[in-house]
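Protein chains in written order, with full-length UniProt numbering: chain A, 1 to 336; chain R, 1 to 336; chain C, 1 to 336; chain Y, 1 to 336. Here is the structure we will look at, set down as structure tokens.
Protein chains: 4
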Amino acid sequence: MTLNIGVIGTGAIGRDHIRRLSFALSGARVVAVNDINAEQARDVVTQLGIEAEVYASGQELIEAGNVQAVLVTSWGPSHEAFVLAAIAAGKPVFCEKPLAVTAEGCRRIVDAEIAAGRRLVQVGFMRPFDQGYRALKTVIDSGEIGAPLMLHCAHRNPHVSEAYGTGMAITDTLIHELDVLRWLIDDDYVSAQVVFPRATRHTHAQLRDPQIVLLETAKGVRIDVEVFVNCKYGYDIQCEVVGEEGIARLPEPSSVQLRSAARLSTGILMDWKDRFIDAYDVELQAFIKGVTDGQLTGPSAWNGYAAAVAGDACNLAQVSGRIEPIELPSRPAFYN
Amino acid sequence: MTLNIGVIGTGAIGRDHIRRLSFALSGARVVAVNDINAEQARDVVTQLGIEAEVYASGQELIEAGNVQAVLVTSWGPSHEAFVLAAIAAGKPVFCEKPLAVTAEGCRRIVDAEIAAGRRLVQVGFMRPFDQGYRALKTVIDSGEIGAPLMLHCAHRNPHVSEAYGTGMAITDTLIHELDVLRWLIDDDYVSAQVVFPRATRHTHAQLRDPQIVLLETAKGVRIDVEVFVNCKYGYDIQCEVVGEEGIARLPEPSSVQLRSAARLSTGILMDWKDRFIDAYDVELQAFIKGVTDGQLTGPSAWNGYAAAVAGDACNLAQVSGRIEPIELPSRPAFYN
Amino acid sequence: MTLNIGVIGTGAIGRDHIRRLSFALSGARVVAVNDINAEQARDVVTQLGIEAEVYASGQELIEAGNVQAVLVTSWGPSHEAFVLAAIAAGKPVFCEKPLAVTAEGCRRIVDAEIAAGRRLVQVGFMRPFDQGYRALKTVIDSGEIGAPLMLHCAHRNPHVSEAYGTGMAITDTLIHELDVLRWLIDDDYVSAQVVFPRATRHTHAQLRDPQIVLLETAKGVRIDVEVFVNCKYGYDIQCEVVGEEGIARLPEPSSVQLRSAARLSTGILMDWKDRFIDAYDVELQAFIKGVTDGQLTGPSAWNGYAAAVAGDACNLAQVSGRIEPIELPSRPAFYN
Amino acid sequence: MTLNIGVIGTGAIGRDHIRRLSFALSGARVVAVNDINAEQARDVVTQLGIEAEVYASGQELIEAGNVQAVLVTSWGPSHEAFVLAAIAAGKPVFCEKPLAVTAEGCRRIVDAEIAAGRRLVQVGFMRPFDQGYRALKTVIDSGEIGAPLMLHCAHRNPHVSEAYGTGMAITDTLIHELDVLRWLIDDDYVSAQVVFPRATRHTHAQLRDPQIVLLETAKGVRIDVEVFVNCKYGYDIQCEVVGEEGIARLPEPSSVQLRSAARLSTGILMDWKDRFIDAYDVELQAFIKGVTDGQLTGPSAWNGYAAAVAGDACNLAQVSGRIEPIELPSRPAFYN
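In structure tokens form, the structure reads like this:
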């Protein structure tokens, strides 16, 4: 049995997901595509050599009889409407982050999904599907390091463009930690503080870089995340969990060890696209399996909402310089 | 387009490949199975919930009209006949190691394939598909460490059963190095020597363990491989390439780093099945793609033959205590 | 030429310094000792087999004609008076931390030394003499990682006694970071904040453990130091300096790498006394050389004062929960 | 009590030892020096500012009334005569390697020392005093990795001069492993084989580089040592001991870890003088203590002889291409 998928948005990531579904994963095929740029959509179909119909609008694609599930990889501000439409059509939908550009938008999706009576939404947070994070969670859940007390994290990029402003350090970058850390330690945030170290000379006028975000959770865990997006040396994701009995650290990506030129070294990736490349396969395969089995298990609309609420507080803390509360309503039973 | 595959042999590895083809990889389905134990074959079909016909013999499966390609995962001594039959039927065949239990048997397959006029055989050596070995080869081929001069390798198992004798250290264990090292440094072996260190107290009467195999290549590279199959502590594969400008080392498998109980540590795998688990997916996906594209690129029958010739010399050197020549005929142009 | 040294305080650390001066270092001998427990002082002389006179009081020892330099390793609250007496006597003095139990006491020593017109005091902060910290400073000073922007540090002990209260996390533990980090990045602190994560179940009623101390420097560098003194797994000192071009990390202590029992591991020390054991030799040898050359170069009274001022602010921040200013007067030219 | 030492040979290493004895170690002073170049000897005394008499000959220095112990750091071929003279004078002598330039010469020293009735000779093999090797030996002796079965070693130099020929790979380089490995696993060699890999393009006409030396011990342990003296990338000493229960590896020298320019790296030393720099201090301090205590414990004349016998066999094996026996007489009870 093969799942028929429609893809809205055929930019870089959409195209890559279409390739995945068509040539790398099991159990699905892309039968419909749409893009605001119709010619680009047609080109993707031609270049990849797949048999998919090009739809004039996302709405039509969602309603198409042979489309059983939807992927939303269009421009961020369009996500909410497409996801709501898919829910209205009763079709499972995988939506790239952000689920919506505001916490309120995410909340509307949560409410719609609850009203629909079954889980239909998976958000494209890929880190919970990464082998390294999963191994780290396995260690934590085993009790081997005891109860987590502190997390020391870093999210570093070699550089960003002039279009990337101070607030995007939260909405584009930290958002991944905001999702994956909740999942990792099974906890919720209660406050956020942001401090700004001396700025690197490699940043630009619109961006205070680096930043350190300090989070507190309901269980009292303290999290610090260094966000440093012009760090020059690599795309580097660090996560260290300090527990009562010991410390566990996210594995470094596998790399050939070199002895050369007076250094013993391994490589650090420079491109974020390579860091979680396997996780994209795993998250989409999980979506296919979830739809086929009738039970989605990946990041839910609630997770998208929770990350958005925390992100709003972080953005506020950037401006206020104060410790800002993070007030997430209690989780609906629907999401347990 | 989906490739229809028939699988001969539904033991542990056969069953695992069927699962892979059905639920993890793209572009193929299992339509036929056979096992010397017909009931087991039926059980596998039922348990995995696939739609595949159970054939009374491997030969019938090979000849079945809807079978487009064959997987041979049966008992080793039966491989040669099934592979020859597939070649005779003009059908691509993926054969688990050994390609044949003698070098002569491998040679017959090579001759048959050449006579058939196109590559039809892929041997189930998975290490060239392993991300770590591929990264190592990329470094070597880049010239970064200069011309390879020496390789220091180890192949260690925590323990083996009483059925594993001294000769199997070559045919079951070293055989993987014999294949992958030729590929890694693009070279051929010219001699082999085996030395026996003091035996571990954890071995048994029929097995001299550990052993060190010393190989020399046509280009003068010296290779030492420690084969130690009752090493207790883990399944551990090491490969260090010493070049004129530096040294490159096979990556350790990714693992969470722990600080606990006065140790800073990462895990070592205990089960060989976990070590190259991703490579099995990649090698089979490559076979599917190779068949579909009309051009197999994985380990060829010639590679199977070359490994067998080297293995024979190593087995002889175990007994003689001398440096034994490895005489591989020159590679037929067919395999360039 | 051999320097004659008098040692006040023959407890564990005093005794160890006497052994060092007598049998491990070059250029000095212990000619006088004193302890509030005279019998213990006599025992140390006898047991180590040295020729040293036992004095009835520290003051007499300081004034003794053949004593050319003084080591103060007595009870903390007695340090200030002995150091001031040594300055008054015009004799160089090495004083174990704390220089004085209050910042005001340290300031009195600073003033006395300035009035004396030459450097006479070295404080027993040993980390600037540690090979690892020195290597780290060399990297920073080389400009290889660019200007420091953030420091991520940890000071972890396996456990502490019931006598160790929340405030001692600053005065006994963090005090080493407060000294060494100023030296490492050549900067001064301007504010401190303390946050308290969920407490470990291994702490006791009088101790909030762990703590995270957040420091800001005059140049805008942000420092976080995790102080965790019941961490169970080891005595572990971490220091990572994030610069504009890259990151440098304090070396782990050297340790045999083991492959055993499914783990690849190195050891972590359990006893703080082993961590900087070589640095004690180096700091005392530097004191001997400094006295002999007429120019002390190790941690000065000003450094002791600066650490005490910062420590007071941290202690205040523990209680207030606020960001507290650290107001260090400008450095007297005398200490440049 | 201060030991009066006379030093024969004031070249680079002699001068460095004089500095050590005078300014870094405890319990000794240099009272006499001699060099074949008298002016150089005088310069060293002047430059270091020590009070030592310059003797016209090594023999006179040895016989001088105030010289209690002798250091021989002169040209290799002169060692034997000076050591024999020191034994004849009943004075303890520390001799840099080689103890003598032939095994027979070493044997004459052994015989003379036995005839003298007490240990008077310490050979300047410093590796047994290296912290890393000592930690490795502690692990082995603890039984943690079980009985040693194999050792995989490497001795690599960035480059050597044109004066360094194939045989010197044994007598100048491997000689350190020949000494330290016997000590490390408490065993004796019984055979040696040398194989020559493809030569590096960075070697010169008189030197086959690299070489691999294969040793077998009395207990059946197999040792391989890669000797590669134009390896370009660093001075790198590796030693891995494979035991019945696990594997222990010599620590890498401590180094700052860097994240920069897409690499995670630590430094590798380039200069051999830095690799065991601390061990020189420790070996000489042990000599001083041994003489003072009346019991030398460092590498004995027997160790020097055993290394020389093994070295001769390795040199023979370089030429013969065969497995050569190493026939060491049984150890005199005197050396137990």
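All C-beta atoms in this analysis are idealised placements derived from N, C-alpha and C, irrespective of residue type, glycine included.
#1: May I have a chain-ordered list of the beta strand (DSSP E) segments no shorter than 3 residues that lie completely inside the region 229-269 of chain R?
#2: For the pair the region 283-300 of chain R and the region 116-125 of chain R, tell me if three or more CB-CB distances fall below 8 Å.
#3: Output the distance between the C-alpha atoms of Phe228 (chain C) and Trp183 (chain Y), rounded to the nearest integer angstrom.
#4: Within its chain, find whatever has a CB closer than 6 Å to the CB of Leu84 (chain Y); leave out the 5 residues flanking it on each side and keep chain order.
#5: In or out: Val319 (chain Y) buried (at least 16 other Cβ within 10 Å) or exposed?
#6: Anyone know if the C-beta pair for Met126 (chain R) and Tyr280 (chain R) falls short of 8 Å?
#7: Run through chain R and tell me which residues come within less than 9 Å of Met150 (chain Y), C-beta to C-beta.
#8: Alpha carbon to alpha carbon, how far is Ser161 (chain A) from Gly14 (chain C)?
#9: Is the shortest distance between the beta-carbon of Leu136 (chain R) and the beta-carbons of chain A less than 8 Å?
#10: Check whether the Cβ of Arg201 (chain A) lies closer than 8 Å to any Cβ atom in chain C.
#11: Alpha carbon to alpha carbon, how far is Val256 (chain C) from Leu136 (chain A)?
#12: Using a Cβ-Cβ distance under 8 Å, would Ala248 (chain A) count as near chain R?
#13: Check the Cβ of Arg222 (chain R) against every Cβ in chain Y and list those closer than 7 Å, keeping chain order.
#14: On the three-state DSSP scale, how would you describe Phe82 (chain Y)?
#15: What whole-angstrom Cβ distance do Ala218 (chain A) and Asp172 (chain A) have, given they're in contact under 8 Å?
#16: Please list, in chain order, all residues of the same chain as Ala317 (chain C) whose beta carbon is under 6 Å from its beta carbon, the five residues on each side excluded.
#17: What are the boundary residues of the alpha helix (DSSP H) that Leu284 (chain A) is part of?
#18: Once the 5 residues before and after Arg208 (chain R) are set aside, which same chain residues still bring their CB inside 7 Å of it?
#19: Give the DSSP bridge partners of Arg29 (chain C), in chain order.
#20: Roughly how many whole angstroms lie between the Cα atoms of Gln47 (chain A) and Ile18 (chain A)?
#21: For Gln131 (chain Y), go through chain C and note every residue whose CB falls closer than 8 Å to its CB, in chain order.
#22: So is Trp302 (chain Y) buried or exposed if we call it buried at 16+ other beta carbons inside 10 Å?
#23: Can you check whether the CB of Arg156 (chain C) is closer than 8 Å to the CB of Cys95 (chain C)?
#24: So is Asp274 (chain C) in contact with chain E if we call contact Cβ pairs under 8 Å?
#25: Which residue's Cα is closest to the Cα of Phe276 (chain R): R:Ser265, R:Ile237, R:Ile288, R:Ile212?
#26: Assign Ser26 (chain A) to buried or exposed, taking buried as 16 or more other Cβ atoms, counted over all protein chains shown, within 10 Å of its Cβ.
#27: From the DSSP secondary-structure annotation, give me the bridge partner or partners of Thr46 (chain A).
#28: Are the beta-carbon atoms belonging to Gln68 (chain R) and Lys91 (chain R) less than 8 Å from one another?
#29: For His17 (chain C), report the span of its alpha helix (DSSP H) as first-last.
#30: With Thr217 (chain A) as the anchor, note down where its alpha helix (DSSP H) starts and where it stops.
#31: I need the straight-line Cα distance from Ala261 (chain Y) to Ser265 (chain A), nearest angstrom please.
#32: If we ignore side chains and look at the alpha-carbon of each, how far apart do Tyr305 (chain C) and Lys97 (chain C) end up?
#33: Mapping the DSSP letters down to three states, classify Phe94 (chain R) as helix, strand or coil.
#34: What residues of chain Y sit near Val242 (chain R), judged by a beta carbon separation below 9 Å?
#35: Between which two residues does the beta strand (DSSP E) containing Ser191 (chain C) stretch?
#36: Spell out whether any CB of chain R is found under 8 Å from the CB atom of Leu258 (chain A).
Taking the definition as stated:
#1: 236-243, 246-249, 257-260, 263-267
#2: yes
#3: 41 Å
#4: Ala112
#5: exposed
#6: yes
#7: Pro197, Arg198, Pro210, Ile212, Glu226, Phe228
#8: 59 Å
#9: yes
#10: yes
#11: 25 Å
#12: yes
#13: Val195, Pro197, Ile212
#14: helix
#15: Contact flag wrong, Cβ pair sits at about 26 Å.
#16: Ala192, Gln193, Val194, Glu324
#17: 277-293
#18: Thr166, Phe196, Ala199
#19: C:Asn4
#20: 11 Å
#21: Ser254
#22: buried
#23: no
#24: Chain labels in this structure do not include chain E; the protein chains are A, R, C and Y.
#25: R:Ile237
#26: buried
#27: Thr46 (chain A) pairs with nothing; no bridge assigned.
#28: yes
#29: 12-23
#30: Run containing Thr217 (chain A): none in the alpha helix (DSSP H); it sits in the beta strand (DSSP E), 211-217.
#31: 11 Å
#32: 11 Å
#33: strand
#34: Ala154, Arg156, Pro197, Pro210, Glu226, Phe228, Cys231
#35: 189-195
#36: yes
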